[in-house]
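Q:
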Amino acid sequence: MTKKAQVLLILGSQWGDEGKGKVVDCLSAYFDIAVRFQGGPNAGHTVVFDGKKIVLHTIPTGILRENCSAVISNGVFVDPDVLKKELETLKTCGIDYKGRLFISYLSHIILPFHKILDEIIDKKGEIGTTKMGVGPAVDFKVLRKGIRIKDIFSSDLKIKIKERLEYVKSAIGKDSDINLDEEQIYDKLARFGDFVKDYLVDTQLLLKKAISDGKKILLEGAQGILLDLDFGTYPFVTSTNTTPGGAICGTGLSPRDIDVILGVTKAYATRVGGGPFPSEIKDQSISSKLRELGGEYGATTGRPRRVGWIDLPLLKYSKNIGAIDFIALTKVDVLEKFGKSFYVQKYTIDGKELMEFDSSCDLYKVNPILKEIQPIKIKDLIQEELQTEVVILSYGSDRSDVKIDEKFLSLFL
Ligand code: IMP
Ligand code: MG
């Protein structure tokens, strides 16, 4: 018998909000562990559970299945307040997560002033960050000034906080109205330490052991490939790596541990915040109708998402950067209700045709060539153009609306 696949990586192939939460929720019925490995509370994964809409920001949506454990690994930036709220939501929904939630000692903490720095740094709203403080927390990590969950338990936590606050004051000026109260931050972290200590483990070891025990692991990416810090539409990107490299650094797994990569693709495109979007629908009467039909409002910020058509030159790029093996196609039902749909077949730029985006190309300058297509044919179009099989079709908001190809499941089962 051939060896079964054990580790599945799920990535968004556009700018996030492709419907990863729902796909992960359905697939986690067949997996032992679901892992969040990058990003933080900037993500919003929406799942309809028992008729109720649940939005999770830091906890993998796998937690909604009793058979599945949930891991928040070292690459995730944790906001204590957001995590506590999510756990309350789970409790309210009657989900017992005791013994099924594991958090890395090495995860970095989003400190209260990171959120304010996020506002200050993106004051003009050009990037349109979620203002959840993830970017500044990443800055601190890179500056070697981050505070990890592990550090809460060290005897020099107070000194660490003091040093960080001095750094912030020197960077933004003493007179700013940011609350930099050392004692308050210390108390907050100490309380968080108490709250979180029962969930802390070495998640890298836990995952390695799970693999050697033959367990099945699902790695749940946040945001999308086009928001990747290195390969996305920089500077209009998120602050972490949403591509396979992010899953490696963010968990401590080896590239050889990942067996299959599934790209989640929405039948149209959306983007929240600034940045190039060649297929964006400029006519507001059309875009607002599609936005309403698809419920395209940010799960974290409530902002209306910009909407457009699927874009083959960008999807081909994502397939390449994400090393995507299979595709899950979502929200074809929305396009069918909408009645009409288009796709970007290619770009023209400087008198040349471009079938696939690459990093030499300026997305602000391309001229997208649109073709009309019946929504039902989008699956075939993607399979042909990307030479990638669509193995999951999500055709509505309920769990029962997600159809998973048996052949795909049999790779793991
Ligand atoms: P940040 O991640 O909050 O720094 O935001 C940077 C950019 O990524 C902004 O355009 C955000 O709207 C976008 N972004 C961050 N997280 C998500 C997400 O989960 N879905 C969609 N867009 C996101
Ligand atoms: Mg989202």
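Residue numbers (our numbering): 721 to 1133. Just so it is clear, CB atoms sit at the ideal spot from N, CA and C, and this is done for glycine as well. What you are looking at is a predicted structure, and each value in this text was computed from that prediction instead of being measured.
1. With respect to 7 Å, is the separation between the Cβ of Gln708 and the closest non-hydrogen atom of ligand 1 below this value?
2. If you measure between the beta carbons of His765 and Leu747, is that distance less than 8 Å?
3. Between the C-alpha atoms of Ser959 and Asp838, what's the straight-line distance to the nearest angstrom?
4. Quick check on the contact list: which residues have their beta carbon closer than 5 Å to a heavy atom of ligand 2?
5. Which residue's Cα is closest to the Cα of Asp1070: Asn1087, Val1054, Ser1061 and Gly1059?
6. Where Glu806 and Tyr919 are concerned, what is the direct C-alpha to C-alpha distance, given to the nearest angstrom?
7. Would you kindly check if the distance between the Cβ of Leu821 and the Cβ of Ser790 is under 8 Å?
8. When the Cα atoms are used, what is the spatial distance from Asn1040 to Pro964?
9. Is the separation between the beta-carbon of Gly944 and that of Gly1116 shorter than 8 Å?
10. Tell me the DSSP secondary structure of Thr809 in three-state form.
11. Report, in whole angstroms, the separation of the C-beta atoms of Arg1011 and Pro1024, which I expect to be a contact under 8 Å.
12. Should Lys843 go down as buried or exposed, given a rule of 16 or more other Cβ atoms within 10 Å for buried?
13. Alpha carbon to alpha carbon, how far is Thr849 from Gly1059? Give it in angstroms, no decimals.
14. If I'm right that Cys1081 touches Leu1074 with Cβ under 8 Å, what's the distance once you round it to whole angstroms?
15. Taking the beta strand (DSSP E) that Pro1088 falls in, what are its first and last residues?
16. Helix, strand or coil, according to DSSP, for Pro1024 in the structure here?
17. For my contact list, Gly760 and Val796 are in at a C-beta cut-off of 8 Å; report their separation, rounded to the angstrom.
18. Using the rule of at least 16 other Cβ atoms within 10 Å of the residue's Cβ for burial, across every protein chain shown, is Ser1061 buried or exposed?
19. Determine the extent of the beta strand (DSSP E) in which Ser715 is found, giving its start and end residues.
20. Hey, Gly1028 and Glu1056: beta-carbon distance below 8 Å or not?
21. By DSSP, does Asp1031 sit in helix, in strand, or in coil?
22. Using 8 Å for Cβ pairs, my map puts Met852 next to Lys865. What's the rounded Cβ distance?
23. Given this structure, state the Cα-to-Cα distance separating Leu939 from Leu810, to the nearest angstrom.
24. Pull up the CB-CB distance for Leu1034 and Leu946, whole angstroms please, since I reckon it's below 8 Å.
25. Please return the same chain residues whose Cβ sits closer than 6 Å to the Cβ of Pro800, not counting the five positions on each side in sequence.
26. Taking the alpha helix (DSSP H) that Glu1104 falls in, what are its first and last residues?
27. Distance, Cα to Cα, Ala1048 vs Phe1077?
28. Just tell me which of Lys724, Lys723 and Val744 has its CA closest to the CA of Ile730.
29. Within a Cβ cutoff of 6 Å, which residues of the same chain sit near Asp1125, ignoring the five residues on either side of it in sequence?
30. Express the C-alpha separation of Lys742 and Thr962 in angstroms, rounding to a whole number.
A: By the coordinates alone:
1. Residue 708 lies beyond the range of the chain shown here (721 to 1133); nothing can be said about it.
2. no
3. 11 Å
4. Asp737, Gly764 and Ala1019
5. Asn1087
6. Their Cα atoms are separated by approximately 14 Å.
7. In the sequence as presented, Ser is not what sits at residue 790; that position holds Ala. Yes, the pair counts as a contact, with Cβ atoms nearer than the cut-off.
8. 11 Å
9. no
10. helix
11. 6 Å
12. Under this definition Lys843 is an exposed residue.
13. In this structure, the CA atom of Gly1059 is about 32 Å from the CA atom of Thr849.
14. Beta-carbon to beta-carbon, Cys1081 and Leu1074 are separated by about 6 Å, close enough to satisfy the 8 Å threshold.
15. Asn1087 to Glu1092
16. strand
17. 6 Å
18. The residue in question, Ser1061, is buried, as its Cβ has 16 or more Cβ neighbours within 10 Å.
19. This structure does not reach residue 715, given that the chain is present from 721 up to 1133, and the question cannot be answered.
20. no
21. Under the three-state reduction of DSSP output, Asp1031 falls in the strand class.
22. The Cβ separation is near 19 Å, so there is no contact.
23. 20 Å
24. 7 Å
25. Phe912
26. Ile1098 to Leu1106
27. 21 Å
28. Nearest option by C-alpha distance: Val744.
29. Val1111
30. 18 Å
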